[in-house]
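Visitor:
In my numbering, the protein residues as written are 1 to 479.
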């Protein structure tokens with residue numbers, strides 16, 4: 001343990017001296033994965049009086065329920081009823097869920113070679129389903145400027161921050177209790193800018209004939225949808241079809257190869273807490289990540305920026321006990337793709353944080369579990385936003401990162417997926433060999449023994465978990 005103490009201190013000093021971004025051991029290659037933004041894709045073409053596409057036969061108003069949701073429908077109960085009829089997907093939205101807010105997390109579950117890795121996040125946004133007459137509007141909700149409901153200025157804030165409509169849907173039928181039945185197939189199978197991977201791949205177009213729904217699953221608080229999208233990119237002028245010139249800086253900068261690329265997108269729509277967590281104000285003396293809002297309803301004689309730290313919601317089962325288990329612990333699942341010999345070390349890296357939570361009065365507040373097999377739990381999915389997963393990615397990048405998804409209203413952390421690139425082992429080998437080689441005979445022969453590499457991976461897991469708990473790099477004290 002003496003040697004591990006040395007590498008822990010020295011590594012923190014090294015981390016403090018490298019210009020890393022807040023949530024990751026950031027490498028130049030990873031920074032170049034994100035292509036520059038491109039203009040929004042064009043939405044569906046001209047629509048008729050009820051939003052039908054031009055040229056299609058107009059339906060005569062809202063149809064009887066049994067005419068739309070036929071006996072062919074495969075139905076799942078969840079936060080919405082979900083009906084699938086061949087290639088069509090219908091949401092049956094209860095009246096009580098209209099106007100409620102959800103966080104929509106989009107990921108590339110399976111990527112094309114050379115433009116990233118399966119499991120990487122594509123985007124996060126807050127969305128809402130609103131009913132207006134015989135349409136349902138799918139809106140993107142922003143919390144950058146706010147005001148409380150009881151203040152007159154709330155009207156002006158809403159007028160200055162109108163929530164964008166991502167897509168509009170005709171109400172096809174109504175359920176027995178006033179639910180709205182809409183066909184959402186095109187939301188997941190067409191090139192909607194907010195849900196598209198086109199910018200990430202730097203594609204030019206999308207072929208809908210090669211894009212289709214894969215799976216849909218409904219749960220009490222979330223809906224999971226997977227779809228295959230096929231993107232296209234013509235050859236560059238002056239280059240041979242199917243080939244591109246080598247890129248000296250990054251293989252990701254130019255995006256997908258000319259031709260076609262098929263990716264699987266996973267969209268996880270999770271209902272935000274009905275009772276928002278009590279937010280905690282940010283203090284610059286403590287290194288937390290934070291959310292910012294310009295609040296126009298404060299008593300100060302100016303528009304006040306409010307910053308709330310990002311943190312998990314932990315509540316004691318026994319509020320009177322000095323040490324109590326939480327009502328809902330923080331659980332990290334170990335990706336089944338993780339090499340077996342490292343699983344126990346990864347779990348230890350998570351649970352090394354338990355002692356910190358015990359100081360705060362919580363026992364078993366943070367746990368690590370191995371992902372269940374499909375036989376044990378066929379509904380478990382690493383892309384499901386209800387699960388925080390430590391993903392093991394087949395990448396030559398010498399890095400790891402620990403982002404999280406939070407409620408923009410309060411900063412409550414809802415979920416996190418730590419990304420472990422395979423070649424983090426190479427980075428750890430170099431660090432340990434250079435820094436501790438004179439002290440530890442095990443570091444004088446490569447490759448490092450498995451028991452040592454396991455402990456080094458454990459250290460990185462603990463570091464990334466710290467980011468997913470809301471902490472920035474400890475630059476000041478580490479220097």
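Glycine included, every Cβ here is placed at the ideal spot set by N, Cα and C.
Just so you know, these numbers come straight off a predicted model, no measurement behind them.
Between the alpha carbons of residue 282 and residue 235, how many angstroms are there, rounded?
Guide: Sequence index remark: in the chain shown, residue 282 carries index 282 (1-based). Sequence index remark: in the chain shown, residue 235 carries index 235 (1-based). Taking the straight line from one Cα to the other gives about 49 Å.
Visitor: Given a cut-off of 8 Å on the beta-carbon distance, is the pair residue 314 and residue 216 in contact?
Guide: Mapped onto the chain shown, residue 314 falls at position 314. Mapped onto the chain shown, residue 216 falls at position 216. Residue 216 sits away from residue 314, with the two beta carbons spaced by 8 Å or more.
Visitor: How many angstroms separate the CA atom of residue 144 from the CA atom of residue 308?
Guide: As a first step, residue 144 is located in the chain shown; it is residue number 144 there, counting from the start. As a first step, residue 308 is located in the chain shown; it is residue number 308 there, counting from the start. C-alpha separation (whole angstroms): 12 Å.
Visitor: Closer than 8 Å is the cut-off here; do at least three beta carbon pairs connect the segment 432 to 445 with the segment 322 to 332?
Guide: no
Visitor: What residue range does the beta strand (DSSP E) around residue 266 cover?
Guide: Within the chain shown, the letter at position 266 stands for residue 266. In the DSSP assignment, residue 266 falls within the beta strand (DSSP E) that extends over 259 to 271.
Visitor: With residue 456 and residue 420 assumed to form a contact (beta carbons below 8 Å), what rounded beta-carbon distance in angstroms separates them?
Guide: Locating residue 456 in the chain shown gives position 456, counting from the first residue. Locating residue 420 in the chain shown gives position 420, counting from the first residue. Incorrect: roughly 12 Å between the Cβ atoms, too far for contact.
Visitor: Please tell me whether residue 378 and residue 335 are closer than 8 Å, where the distance is taken between their beta carbons.
Guide: The sequence position of residue 378 within the chain shown is 378, counting from 1. The sequence position of residue 335 within the chain shown is 335, counting from 1. Cβ distance not < 8 Å, so residue 378 and residue 335 don't count as in contact.
Visitor: In this structure, does DSSP put residue 203 in helix, strand or coil?
Guide: As a first step, residue 203 is located in the chain shown; it is residue number 203 there, counting from the start. DSSP places residue 203 in coil when its eight states are reduced to three.
Visitor: Is the Cβ-Cβ distance between residue 185 and residue 171 less than 8 Å?
Guide: Within the chain shown, residue 185 is the residue found at index 185, counting from 1. Within the chain shown, residue 171 is the residue found at index 171, counting from 1. In this structure, residue 171 does not lie closer than 8 Å to residue 185 by Cβ.
Visitor: Flag this pair as touching only if the segment 465 to 474 and the segment 341 to 358 have three or more C-beta atom pairs under 8 Å; answer yes or no.
Guide: yes
Visitor: According to DSSP, is residue 123 part of a helix, a strand, or is it coil?
Guide: Walking along the chain shown from the start, residue 123 turns up at place 123. Of the three classes helix, strand and coil, the one that applies to residue 123 here is strand, per DSSP.
Visitor: Under the DSSP definition of a beta bridge, which residues are partnered with residue 228?
Guide: Counted from its first residue, the chain shown places residue 228 at position 228. In DSSP, residue 228 forms a bridge with 212 and 264.
Visitor: Terminal residues of the continuous beta strand (DSSP E) containing residue 330?
Guide: Here residue 330 corresponds to residue number 330 of the chain shown, with the count starting at 1. From DSSP, the beta strand (DSSP E) with residue 330 extends over 330 to 334.
Visitor: By a C-beta neighbour count over all protein chains shown, 10 Å radius and 16 as the cutoff for buried, is residue 165 buried or exposed?
Guide: Here residue 165 refers to the residue found at position 165 when the chain shown is read from its first residue. Label assigned to residue 165: exposed.
Visitor: Applying the 10 Å Cβ sphere with the 16-neighbour rule, what's the burial state of residue 529?
Guide: Residue 529 lies beyond the stretch modelled for the chain, which goes from 1 to 479, so this question has no answer here.
Visitor: Just to confirm the assignment: which complete beta strand (DSSP E) runs, minimum length 3, are found wholly within the segment 367 to 414?
Guide: 388 to 393 and 404 to 406
Visitor: Would residue 112 pass as a contact of residue 118 if the rule is Cβ separation under 8 Å?
Guide: Numbered from its first residue, the chain shown carries residue 112 at position 112. Numbered from its first residue, the chain shown carries residue 118 at position 118. Contact flag unset, no.
Visitor: Going by DSSP in three states, residue 105 sits in which element: helix, strand or coil?
Guide: Reading the chain shown from its first residue, position 105 is the one you call residue 105. Note: residue 105 maps to strand in three-state DSSP.
Visitor: Got a sec? Which residues, its chain only, sit under 7 Å from residue 470 by beta carbon, not counting five neighbours each side?
Guide: In the chain shown, residue 470 corresponds to position 470, counting from 1. Answer for residue 470: 288, 289, 309, 310, 311 and 413, listed in chain order.
Visitor: Applying the criterion that 16 or more other CB atoms from any shown protein chain within 10 Å of the CB defines a buried residue, is residue 445 buried or exposed?
Guide: Indexing the chain shown from 1 puts residue 445 at position 445. The residue in question, residue 445, is exposed, as its Cβ has fewer than 16 Cβ neighbours within 10 Å.
Visitor: Taking just the CA atoms, how far does residue 329 sit from residue 373?
Guide: Working through the chain shown from its first residue, we reach residue 373 at position 373. Working through the chain shown from its first residue, we reach residue 329 at position 329. One C-alpha to the other measures close to 22 Å.
Visitor: Could you tell me how far apart the beta carbons of residue 331 and residue 367 are, in whole angstroms, since I believe they sit closer than 8 Å?
Guide: Position 331 of the chain shown holds residue 331. Position 367 of the chain shown holds residue 367. The Cβ separation is near 5 Å, so the contact holds.
Visitor: Skipping 5 residues on each side, what residues in its chain have a beta carbon closer than 7 Å to that of residue 63?
Guide: Here residue 63 is taken as the residue at index 63 of the chain shown, counted from 1. Same-chain partners within the cutoff: 172 and 173.
Visitor: Residue 269 and residue 410 - do their beta-carbons sit closer together than 8 Å?
Guide: By 1-based counting over the chain shown, the position of residue 410 is 410. By 1-based counting over the chain shown, the position of residue 269 is 269. Against a cut-off of 8 Å, the Cβ pair of residue 269 and residue 410 comes out as no contact.
Visitor: What would DSSP say about residue 50, mapped onto helix, strand or coil?
Guide: For the purposes of this step, residue 50 is taken as residue 50 along the chain shown, with counting starting at 1. With a pLDDT of 49 at residue 50, under the threshold of 50, the predicted position of this residue should be treated as unreliable, though the coordinate-derived value follows. Note: residue 50 maps to coil in three-state DSSP.
Visitor: Write down the C-beta distance between residue 93 and residue 80 rounded to the nearest angstrom, noting that I regard them as a contact closer than 8 Å.
Guide: As a first step, residue 93 must be located in the chain shown, where it is residue number 93. As a first step, residue 80 must be located in the chain shown, where it is residue number 80. Residue 93 to residue 80, Cβ: 5 Å. Contact.
Visitor: Flag this pair as yes or no: are the beta carbons of residue 193 and residue 183 separated by less than 8 Å?
Guide: Taking the first residue of the chain shown as 1, we reach residue 193 at position 193. Taking the first residue of the chain shown as 1, we reach residue 183 at position 183. The Cβ atoms of residue 193 and residue 183 lie no closer than 8 Å to each other.
Visitor: Distance cutoff 8 Å, beta carbons only. Does residue 202 sit that close to anything in chain D?
Guide: Here chain D cannot be found, since the structure has a single protein chain.
Visitor: What are the residues that DSSP puts in a beta bridge with residue 137?
Guide: Residue numbering aside, residue 137 sits at position 137 when the chain shown is read from its first letter. DSSP lists 130 and 168 as partners of residue 137.
Visitor: Could you check whether residue 199 and residue 211 sit closer than 8 Å to each other, using their CB atoms as the reference points?
Guide: Here residue 211 refers to the residue found at position 211 when the chain shown is read from its first residue. Here residue 199 refers to the residue found at position 199 when the chain shown is read from its first residue. No, these two residues do not count as a Cβ contact at 8 Å.
Visitor: On the DSSP bridge list, what partners appear for residue 182?
Guide: Translated into positions along the chain shown, residue 182 becomes position 182. Paired residues: 91 and 171.
Visitor: Which same chain residues, not among the five before or five after residue 280, have their C-beta less than 8 Å away from its C-beta?
Guide: To locate residue 280, count along the chain shown from 1; it is residue 280. Excluding positions up to five away in sequence, the list reads 308, 309, 311 and 411.
Visitor: On the DSSP bridge list, what partners appear for residue 217?
Guide: One-based indexing of the chain shown puts residue 217 at position 217. Paired residues: 224.
Visitor: When DSSP labels each residue in this structure, what does residue 85 get in the three-state scheme?
Guide: Your numbering for residue 85 matches position 85 in the chain shown. Residue 85: strand per DSSP, three-state reduction.
Visitor: Can you give me the C-alpha to C-alpha distance between residue 1 and residue 452, rounded to a whole angstrom?
Guide: Locating residue 1 in the chain shown gives position 1, where the first residue counts as 1. Locating residue 452 in the chain shown gives position 452, where the first residue counts as 1. Since pLDDT at residue 1 reaches only 45, below the 50 mark, its modelled position is unreliable, and no value is offered.
Visitor: Between which two residues does the alpha helix (DSSP H) holding residue 65 run?
Guide: Along the chain shown, one-based indexing puts residue 65 at 65. Where residue 65 is concerned, the enclosing alpha helix (DSSP H) stretches over 65 to 68.
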